[in-house]
Amino acid sequence: MKHVLAARQFSPEALGEIFDDADQMNELVHNSDNRRELAGRYLGSMMATLFYEPSTRTRLSFESAAQRMGMGLLSTENAGEFSSAIKGETIEDTIQVLDGYADMIVLRHKEQGAADRAAEVSAVPIINAGDGAGEHPTQALLDLYTIQKEKGRLDNLTVVVGGDLLGGRTARSLVQVLANYRGNIIRFVSVPELQIGDDIKLHLSEQGTNFEETEDMYQALQGADVVYWTRIQKERLRQFGVNPELESQFVIDQAALQAMPEDAIIMHPLPRVDEIHTTVDRDHRAKYFNQAENGLYVRMALIDQLMTQS
Ligand code: CP
């Protein structure tokens, strides 16, 4: 694992190792005796977080993870304006400069494929923290970790994935990894304009993963083990020729809770807009804030593995 570019690069065995490491990180973070040891682990090493798109969870959990393990940080949170990109510097040049300053680079970019371009020229690990409507592989890792923790397995699951499946990169990454496990069934719930891409459907077919597409949310929710909801990515609709005023038609509310099993879990990569009612937050099935917290432990584990290999 030189770079982290796509969710499907992780085998079930590799994921198992990351999840074991994430469990340990969770314990270390919550045990004050261990915190000092942890804080000395990568003292003197540096992480650069280069974000050309806004972020709360991904950037701050990576920065928290790095600092809890003693790494220093070089951070630009609005790189399109506050780095020399505004003067016309290419991503390739920026990466080759940061190579001299940091031991790994966490990159979020508005263009699909930007992380691959960065990896082509980078001497240090590139972590794709979201590339346009392409992929968000570390989100998939924390999503799977959450499912494993909450459901006790990653196979033989019925996973209902709803919302904006065209512009939403988290759903794309998640279902590609779920396809590595036997017996999973994916139900995609979206309006026709926001259906999951043909590349993902082809991948699922090649992997032998059963999937269906529907606009009937209530029927899809019946028998669900995991309900994975996403917001409309308004910032990307124009690039797909879709009306940017499009609103969420599929809302998880009290009626939707009635339709899903008592032991289902509800996940969302966040940020949420209006596609999950805040009244759902009090339901025992709502796991999206635990999911966001799990991002810290999984990203600590990922950093640990990358640093150990380098
Ligand atoms: N889930 C996620 O990627 O959130 P941010 O955009 O806040 O990083």
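Following the working numbering, the numbering of the sequence shown begins with 565 at its first residue and continues without gaps.
Backbone N, C-alpha and C fix where the C-beta goes; we use that ideal spot for every residue, glycine too.
Please look up how many angstroms separate the CB atoms of residue i and residue j, rounded, as I've assumed it's under 8 Å.
i    : j    : result
L579 : L708 : 6 Å
L766 : D728 : Between D728 and L766 the Cβ distance is about 20 Å, and since that is not below 8 Å, they are no contact.
D695 : E714 : Not confirmed; about 28 Å, so no contact.
L718 : I691 : Actually they do not touch by this definition, with Cβ atoms about 22 Å apart.
Q703 : S737 : 6 Å
R621 : G859 : 6 Å
V791 : A819 : Contact doesn't hold; Cβ gap of about 13 Å is too wide.
Terminal residues of the continuous alpha helix (DSSP H) containing residue i?
i    : result
D585 : 576-593
G805 : No alpha helix (DSSP H) holds G805; DSSP gives it neither H nor E.
D865 : In the sequence on display, residue 865 carries Ala and not Asp. It spans 852-873 - the alpha helix (DSSP H) in which A865 sits, taken as one unbroken run.
Q783 : 781-785
D597 : 596-603
I need the boundaries of the beta strand (DSSP E) containing residue i, first residue and last residue.
i    : result
Y792 : 790-793
A828 : Element bounds for A828: n/a, residue is neither H nor E.
S625 : No beta strand (DSSP E) holds S625; the alpha helix (DSSP H) holding it covers 621-632.
F646 : No beta strand (DSSP E) contains F646, which is instead part of the alpha helix (DSSP H) from 643-646.
A649 : Unbroken run through A649: none, as it is neither H nor E.
L638 : 636-640
L614 : 610-615
Give every residue of the same chain whose Cβ lies closer than 6 Å to the Cβ of residue i, excluding the five residues on either side of it in the sequence, and list them in chain order.
i    : result
F814 : G726, V753, M781
S609 : M635, D667
G720 : Note that residue 720 is Asn in the sequence shown, not Gly. Closer than 6 Å at the Cβ level, and outside the excluded window around N720, lie G747.
Using DSSP bridges, identify the partner residues of residue i.
i    : result
V568 : I691
A560 : Any answer about residue 560 is impossible in this case: the structure gives the chain only from 565 up to 874.
I840 : I816
T702 : Answer is none; T702 lacks a bridge partner.
E777 : F752
What residues in its chain sit with their C-beta under 7 Å from that of residue i, if we drop five residues either side in the sequence?
i    : result
V688 : D663, A666, D667, M668, I669
R863 : S625, F626, A629, T702
Closer than 8 Å by C-beta to residue i: which residues in its own chain qualify, once you throw out the five before and the five after it? Chain order, please.
i    : result
E581 : Q869
S619 : E641, R672, A693, G694
Self-check item: Contained beta strand (DSSP E) runs [length at least 3] in the stretch 716-775, N- to C-terminal order
Solution: 722-726, 749-753
Practice problem: May I have a chain-ordered list of the alpha helix (DSSP H) segments no shorter than 4 residues that lie completely inside the stretch 651-700? | Solution: 655-662, 678-685
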